[in-house]
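S.K.: In my numbering, the protein residues as written are 858 to 1116.
Could you have a look at this structure, given as C-alpha cells, before my questions?
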C-alpha cells in the first residue's frame, strides 16, 4: 500500500521458455509485458473479456447489476486504483469490467481514470478507449454535482474516506455510487483510533449505506473478492440532522486537510 491510498499490485512475469521448443513451434513464444505494444494489450484484454463473460461469476453479477445498479443511471464513471493493465492480470480483468459497465450503463458523460502506477502503454490504451486520464493525483477527493459511479476495486481505506469527505453533505452524497471493498470490513475489524486517523468518514458512512455484494467466486478470488455496490439512499439521507454531517471525528491533521 502506498502513502496515497492506491494499492500497488505486483506485476506478473512469464517463465522463460525452452528455446529449442520455440524454434519448432512459435505459438509457445511469450513476449515480456515490458515489450508489449498496444496490439498485445488489446489482444490480452479480448481474452480476459471472453473469460469473464463466459464465467458463472459474470452471469450472477449481471443479475446484481440489473437489480441494483442499472437503474442508478450515473452520468460519469471515475476509476481509481485499477493499477497497471500492462503489468497486472488483476488490473486487466478490472479494466475490462469497467469498460463493460460503461456499456451497460450507457454513460452519457465521461469515463475518467487515475492510478499512479499507470505506464505509458496504459495511457495509450486509455486514449484508444476514449477514457480521460486525470492529470494530477486527487487522492480520491473529487466533488461531484451529477450522479457518478466511483469504480474503486481494492483501494486503500483512506482513499474511500477521501471520496466520501469530498461529497459529505445531504445534496451530494446520494449522487455517488461506489464499487469497492465493503466499508464495514474496515469499521468492524480495526481499532477506532486507527479509523479516525486514516479513514474517519467510513465510520458514520456504514450506518447509512445500502450494500449489495458481488458474487464470491472468480479466477483466483483476488480480482473481485469483497467488492460491493455501495449507495446512499435519498430517503435515508433526508432524515439525517445537521449534527451527523458536522460531527465526523477526525484528527487535527484531517480537519486541516479538509478545510
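For glycine and all other residues, C-beta sits at the position ideal for the given N, C-alpha and C.
Once DSSP output is grouped into helix, strand and coil, what is the label at residue 1070?
M.R.: Start at 1 with the first residue of the chain shown, and residue 1070 comes out as number 213. Three-state DSSP puts residue 1070 in a strand.
S.K.: Could you tell me which uninterrupted alpha helix (DSSP H) segments, each at least 4 residues in length, are contained entirely in the segment 1008-1056, listed from first to last along the chain?
M.R.: Fully enclosed alpha helix (DSSP H) runs of 4 or longer: 1014-1022, 1040-1044, 1049-1055.
S.K.: Tell me whether the segment 971-987 and the segment 1088-1107 touch, counting them as touching only if at least three CB pairs, one residue from each stretch, are closer than 8 Å.
M.R.: Touching, no, given that fewer than three Cβ pairs across the two stretches are closer than 8 Å.
S.K.: Taking C-beta to C-beta, are residue 942 and residue 906 nearer than 7 Å?
M.R.: Position 85 of the chain shown, counted from the start, is the residue given in the question as residue 942. Position 49 of the chain shown, counted from the start, is the residue given in the question as residue 906. Cβ atoms of residue 942 and residue 906: not closer than 7 Å.
S.K.: Check the Cβ-Cβ distances between residue 981 and every residue of chain C, and say whether any is below 7 Å.
M.R.: The question asks about chain C, but that chain is absent: this structure has only one protein chain.
S.K.: So, with DSSP's three-state summary, where would you put residue 1000?
M.R.: To locate residue 1000, count along the chain shown from 1; it is residue 143. Residue 1000: coil per DSSP, three-state reduction.
S.K.: Which residues in the same chain as residue 948 place their Cβ atom closer than 7 Å to its Cβ, once the five residues preceding and following it in sequence are excluded?
M.R.: Your numbering for residue 948 matches position 91 in the chain shown. Taken in chain order, the residues that qualify are 866, 939, 940, 941, 942.
S.K.: Between residue 936 and the rest of its own chain, which residues show a CB-CB distance below 6 Å, the 5 nearest in sequence each way excluded?
M.R.: For the purposes of this step, residue 936 is taken as residue 79 along the chain shown, with counting starting at 1. Closer than 6 Å at the Cβ level, and outside the excluded window around residue 936, lie 955, 970, 1008.
S.K.: When burial is assigned at 16 or more other CB atoms within 10 Å of the CB, is residue 944 buried or exposed?
M.R.: Sequence index remark: in the chain shown, residue 944 carries index 87 (1-based). When all chains shown are included, residue 944 counts as buried.
S.K.: Let me check understanding here. Comparing Cα to Cα, which of 1052, 1062, 1011 lies closest to residue 1027?
M.R.: As a first step, residue 1027 must be located in the chain shown, where it is residue number 170. It is 1062.
S.K.: Can you give the Cα-Cα distance for residue 1053 and residue 997, rounded to whole angstroms?
M.R.: On the chain shown, residue 1053 is found 196 positions in, with the first residue counted as 1. On the chain shown, residue 997 is found 140 positions in, with the first residue counted as 1. Rounded to the nearest angstrom, the two C-alpha atoms are 17 Å apart.
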